[in-house]
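Colleague:
Number of protein chains: 2
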Amino acid sequence: MTAKIIDCRKIAADLNQKTANEVSILKSKYVTVPKIMTIKIGNDTASNLYLKLRDEACKKTGIISKHVEFENNVSGSEVLDTIGQLNDDRNVHGILIQFPVPKNISSEKLLLKIDPKKDVEGLNPINLGKTMIGNESLIPCTPKAVLTILSYEKTQLQGRNVVIVNHSNIVGKPLSILLLNRNATVTVCHVFTDNLSKYSKEADILISATGVPKLISQEKIKKGAFVIDVGIVKTKDGVCGDVDFSSVKEKAGKITPVPGGVGPVTIASSLQNMITTFRNCIEETT
Amino acid sequence: MTAKIIDCRKIAADLNQKTANEVSILKSKYVTVPKIMTIKIGNDTASNLYLKLRDEACKKTGIISKHVEFENNVSGSEVLDTIGQLNDDRNVHGILIQFPVPKNISSEKLLLKIDPKKDVEGLNPINLGKTMIGNESLIPCTPKAVLTILSYEKTQLQGRNVVIVNHSNIVGKPLSILLLNRNATVTVCHVFTDNLSKYSKEADILISATGVPKLISQEKIKKGAFVIDVGIVKTKDGVCGDVDFSSVKEKAGKITPVPGGVGPVTIASSLQNMITTFRNCIEETT
Chain A
21 MTAKIIDCRK IAADLNQKTA NEVSILKSKY VTVPKIMTIK IGNDTASNLY
71 LKLRDEACKK TGIISKHVEF ENNVSGSEVL DTIGQLNDDR NVHGILIQFP
121 VPKNISSEKL LLKIDPKKDV EGLNPINLGK TMIGNESLIP CTPKAVLTIL
171 SYEKTQLQGR NVVIVNHSNI VGKPLSILLL NRNATVTVCH VFTDNLSKYS
221 KEADILISAT GVPKLISQEK IKKGAFVIDV GIVKTKDGVC GDVDFSSVKE
271 KAGKITPVPG GVGPVTIASS LQNMITTFRN CIEETT
Chain B
21 MTAKIIDCRK IAADLNQKTA NEVSILKSKY VTVPKIMTIK IGNDTASNLY
71 LKLRDEACKK TGIISKHVEF ENNVSGSEVL DTIGQLNDDR NVHGILIQFP
121 VPKNISSEKL LLKIDPKKDV EGLNPINLGK TMIGNESLIP CTPKAVLTIL
171 SYEKTQLQGR NVVIVNHSNI VGKPLSILLL NRNATVTVCH VFTDNLSKYS
221 KEADILISAT GVPKLISQEK IKKGAFVIDV GIVKTKDGVC GDVDFSSVKE
271 KAGKITPVPG GVGPVTIASS LQNMITTFRN CIEETT
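These protein sequence lines are chains A and B, in that order.
Just so we're on the same page, this note's numbering is the position in the first sequence counted from 1, plus 20.
Just so we're on the same page, this note's numbering is the position in the second sequence counted from 1, plus 20.
1) As a quick exercise: from 29/A, 80/A, 144/A, 71/A, pick the residue whose alpha carbon is nearest that of residue 103/A.
2) Rounded to the nearest angstrom, what separates residue 226/B and residue 158/A at their Cα positions?
3) If you follow the beta strand (DSSP E) that residue 22/B is in, where does it begin and where does it stop?
4) Using alpha carbons as the reference points, say which of 55/B, 27/B, 264/B lies closest to residue 302/B.
5) Please report whether the beta-carbon of residue 254/B lies at a distance below 8 Å from any beta-carbon of chain A.
6) Who are the near neighbours of residue 147/A in its chain, counting only those whose CB is closer than 6 Å to its CB and skipping five residues on each side?
7) Whole-angstrom Cβ separation of residue 223/A and residue 242/A, contact assumed at under 8 Å?
8) Once the 5 residues before and after residue 165/B are set aside, which same chain residues still bring their CB inside 6 Å of it?
9) Quick check on the DSSP output: what are the complete alpha helix (DSSP H) runs of length 4 or more inside the segment 51-106 of chain B, in order along the chain?
10) Using three-state DSSP, classify residue 227/B as helix, strand or coil.
11) Is residue 81/B closer than 8 Å to residue 291/B when the C-beta atoms are compared?
12) What does residue 178/B touch in chain A if you count any residue whose Cβ is under 9 Å from its own?
13) Using a Cβ-Cβ distance under 8 Å, would residue 148/B count as near chain A?
14) Return the residue from the list 206/B, 210/B, 203/B, 266/B that minimises the CA-CA distance to residue 234/B.
15) Looking only at its chain, what residues have a beta carbon closer than 7 Å to the beta carbon of residue 255/A, apart from the 5 residues adjacent to it on each side?
16) Would you kindly report the start and end of the unbroken alpha helix (DSSP H) that includes residue 268/B?
17) For the segment 165-215 of chain A, list the beta strand (DSSP E) runs that are entirely contained and at least 3 residues long, ordered along the chain.
18) Got a sec? Which residues, its chain only, sit under 8 Å from residue 86/B by beta carbon, not counting five neighbours each side?
19) So which residues on chain B does residue 170/A lean against when the C-beta distance must stay under 9 Å?
20) To the nearest angstrom, report how far apart residue 185/B and residue 263/B are at their CA atoms.
21) How would you call residue 42/B, buried or exposed, if buried means at least 16 neighbouring beta carbons within 10 angstroms?
22) Alpha carbon to alpha carbon, how far is residue 32/A from residue 116/A? Give it in angstroms, no decimals.
23) Of the choices 249/B, 204/B, 219/B, 129/B, whose alpha-carbon is the least far from that of residue 316/B?
24) On the DSSP letters alone, give me the boundaries of the alpha helix (DSSP H) that residue 146/A sits inside.
25) Closer than 6 Å by C-beta to residue 142/A: which residues in its own chain qualify, once you throw out the five before and the five after it? Chain order, please.
26) Closer than 7 Å by beta-carbon distance: list the chain B residues that pair up with residue 196/A, in chain order.
27) Is the segment 183-203 of chain B touching the segment 176-183 of chain A in the sense that three or more CB pairs, one from each, lie closer than 8 Å?
28) Rounded to whole angstroms, what's the CA-CA distance from residue 40/A to residue 53/A? Just pull it up for me.
29) Which residue from 90/B, 60/B, 163/B puts its Cα closest to that of residue 118/B?
30) Quick one: list the residues of chain B neighbouring residue 154/A, beta-carbon separation under 8 Å, in chain order.
31) Does the separation of the CB atoms of residue 212/A and residue 201/B fall below 8 Å?
32) DSSP state of residue 135/B, grouped into three classes?
33) Name the chain B residues whose beta carbon is nearer than 9 Å to that of residue 141/A?
34) Can you have a look at residue 170/A and say buried or exposed, based on whether 16 or more other CB atoms are within 10 angstroms of its CB?
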């Protein structure tokens, strides 16, 4: 058996087409288009690439995406002031912070400062907390992308055994909550997990986001599993994910590739959230 | 082997003694004592018992605990107005809502209305979201009690296999996040889980909170496991928990009893949170 390779570029294109249609409808209704501001500190290569791709997607769908760029040595209070100004600016409908930020700046303070209704990444604690109690209005983009891929494949979640390999604030923790909201049985593994294989081999759905190339080998999965690869890392052999794709695809039921997998759907999910923040802003004042 | 039966009443008494000492120190420093208001709607028997026990504990530690009582047919907006008044009242240092509330009232709206700094139960989404990103200032009382019991027993969490049977907003979801914050490998099971035994039998630490009497039988646990019973239900044979205590204690390494287990520690944890909300209020204005 060879796994179905999920055409994530196609999913992303579909989502972006829908977003473009919505932008067009909203534009005729409100005579304005979504304008999103990204705060970028320093010059991280991977981050720059992601931003470039997202900006291209925004342009195609009619969303205006601008940056506020700071040097690495900017102070936290300066960034906070800028967020405050963007919160107050009625012509700005969404705010993102491009991570990572320098260690001397508190991510939490920045996220808490973003007006929750303009919080495109859904990472303000108030939006995370709402997600925890099942009110999912703005959810983080990578978990949203994973849910979208599962939903495109009409994957049953209730009662299924889902294993996530990642316990970060922006991927593993919110994704586990979102899957619990859908009544999956959820296990979260990570770098401290003893014997990952024991868990991963039982997973109906396995989601890995570690950045460790080829961590997920054929022996680590269950036959017929749906394997979603959130990892992406540049190696001397090119860009690859967490999954040993060529061998795992011979055993899995479905699999997402890298590149051209979760990444493009994450960008498309970010654009969907931009529509939500735009609506939050514009429909509140009209 | 017979399991060590955790003396949770002793843990609760220790915690309450520390709370009483803190109240006394705070009283001499600020010439005021914590005053906590509980909003109670209707007349739920189990809820009344819990409240009575908590009020007794408050009295012993010097915390003033008062109620605002509503009939079952009160409107949501009336309750929200009351919360607003309690938020503004400088002589009130903590607010709790006694659940369950009638179905026509939105729990989420009530929780969002509580000033986060006065949120004794740690259930305002902003406090839940902070917990999710590892800033644990006010955490829900039952999960806090479970962590306290584990900590009293000097239980290693990092890398251990923890299974929670409950995926509610106030127990399973926040508890899973708190355990991930401590680098445990966490599985959350619930009523939709297929073959609970498969997961529970692998758990180093098993925490059950279902209210299904004797759900956790001897075959469902691993030899030497730490079994924490959060369930409590009245049956014709008396009060019992989720765990078939008499048989499970012959196989487990450690076990909490019911009654006299997680319950008293939950109340003591609630009192600890009252000290935190008091400090939030009083230290902000002095």
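Yeah, the Cβ is synthetic: ideal placement off N, Cα and C, and Gly gets one too.
Note that this is a predicted model, so its numbers are computed, not measured.
Modeller: In short, the structure shows the following:
1) Here residue 103/A corresponds to residue number 83 of the first sequence, with the count starting at 1. Ranking 29/A, 80/A, 144/A, 71/A by Cα distance to residue 103/A puts 144/A first.
2) Along the second sequence, read from residue 1 onward, the residue named residue 226/B stands at position 206. Along the first sequence, read from residue 1 onward, the residue named residue 158/A stands at position 138. Going from the Cα of residue 226/B to the Cα of residue 158/A covers about 33 Å.
3) One-based indexing of the second sequence puts residue 22/B at position 2. From DSSP, residue 22/B is part of no beta strand (DSSP E); its letter is neither H nor E.
4) Taking the second sequence and counting its residues from 1, the one referred to as residue 302/B is at position 282. Minimum Cα distance to residue 302/B is reached at 55/B.
5) Indexing the second sequence from 1 puts residue 254/B at position 234. No, residue 254/B does not count as interfacial toward chain A.
6) In the first sequence, the residue the question calls residue 147/A occupies position 127. So the list reads 136, 139, 158, once near-sequence residues are dropped.
7) As a first step, residue 223/A must be located in the first sequence, where it is residue number 203. As a first step, residue 242/A must be located in the first sequence, where it is residue number 222. Between residue 242/A and residue 223/A the Cβ distance is about 6 Å, and since that is below 8 Å, they are a contact.
8) As a position in the second sequence, residue 165/B is number 145, starting the count at 1. Hits under 6 Å: 282, 285, 286, 289.
9) 65-81
10) Position 207 of the second sequence, counted from the first residue, corresponds to residue 227/B. Strand at residue 227/B.
11) Residue 291/B sits at position 271 when you count from the first residue of the second sequence. Residue 81/B sits at position 61 when you count from the first residue of the second sequence. Taking 8 Å as the Cβ cut-off, residue 291/B and residue 81/B qualify as a contacting pair.
12) By one-based count along the second sequence, residue 178/B stands at place 158. Within 9 Å Cβ-Cβ: 212.
13) The residue labelled residue 148/B in the question sits at position 128 within the second sequence. Output row for residue 148/B: interface = yes.
14) Working through the second sequence from its first residue, we reach residue 234/B at position 214. Ranking 206/B, 210/B, 203/B, 266/B by Cα distance to residue 234/B puts 266/B first.
15) Taking the first residue of the first sequence as position 1, residue 255/A is located at position 235. Closer than 7 Å at the Cβ level, and outside the excluded window around residue 255/A, lie 233.
16) Position 248 of the second sequence, counting from 1, holds the residue named residue 268/B. Run containing residue 268/B: 265-268, per the alpha helix (DSSP H) assignment.
17) 181-185, 205-209
18) Position 66 of the second sequence, counted from the start, is the residue given in the question as residue 86/B. Taken in chain order, the residues that qualify are 55, 56, 57, 58.
19) Locating residue 170/A in the first sequence gives position 150, where the first residue counts as 1. Those within 9 Å of residue 170/A in chain B number zero; the least Cβ separation is about 16 Å.
20) Residue 185/B sits at position 165 when you count from the first residue of the second sequence. Residue 263/B sits at position 243 when you count from the first residue of the second sequence. Straight-line Cα distance between these residues: approximately 12 Å.
21) In the second sequence, counting from the first residue as 1, residue 42/B sits at position 22. Buried, by the Cβ-count rule.
22) Counted from its first residue, the first sequence places residue 116/A at position 96. Counted from its first residue, the first sequence places residue 32/A at position 12. Using only the alpha carbons, I get a separation of about 20 Å.
23) Beyond the ends of chain B as shown, which are 21 and 306, falls residue 316/B; an answer cannot be given.
24) Looking up residue 146/A in the first sequence gives position 126. Counting along the chain, the alpha helix (DSSP H) containing residue 146/A begins and ends at 145-152.
25) Along the first sequence, read from residue 1 onward, the residue named residue 142/A stands at position 122. Within the same chain, residue 142/A has close Cβ partners 158, 159, 160.
26) Along the first sequence, one-based indexing puts residue 196/A at 176. Result: 196.
27) no
28) Residue 40/A sits at position 20 when you count from the first residue of the first sequence. Residue 53/A sits at position 33 when you count from the first residue of the first sequence. Cα-Cα distance, rounded: 11 Å.
29) On the second sequence, position 98 is the one that residue 118/B refers to. The shortest C-alpha separation from residue 118/B is found at 60/B.
30) For the purposes of this step, residue 154/A is identified with residue 134 of the first sequence, where counting begins at 1. Simply 189.
31) If you number the first sequence from 1, residue 212/A lands on position 192. If you number the second sequence from 1, residue 201/B lands on position 181. No, they are not a contact pair.
32) For the purposes of this step, residue 135/B is identified with residue 115 of the second sequence, where counting begins at 1. Residue 135/B: coil per DSSP, three-state reduction.
33) Residue mapping note: residue 141/A aligns to position 121 of the first sequence, counting from 1. Under the 9 Å cutoff, chain B gives no residues; its nearest Cβ is about 12 Å from residue 141/A.
34) Taking the first sequence and counting its residues from 1, one reaches residue 170/A at position 150. It counts as buried.
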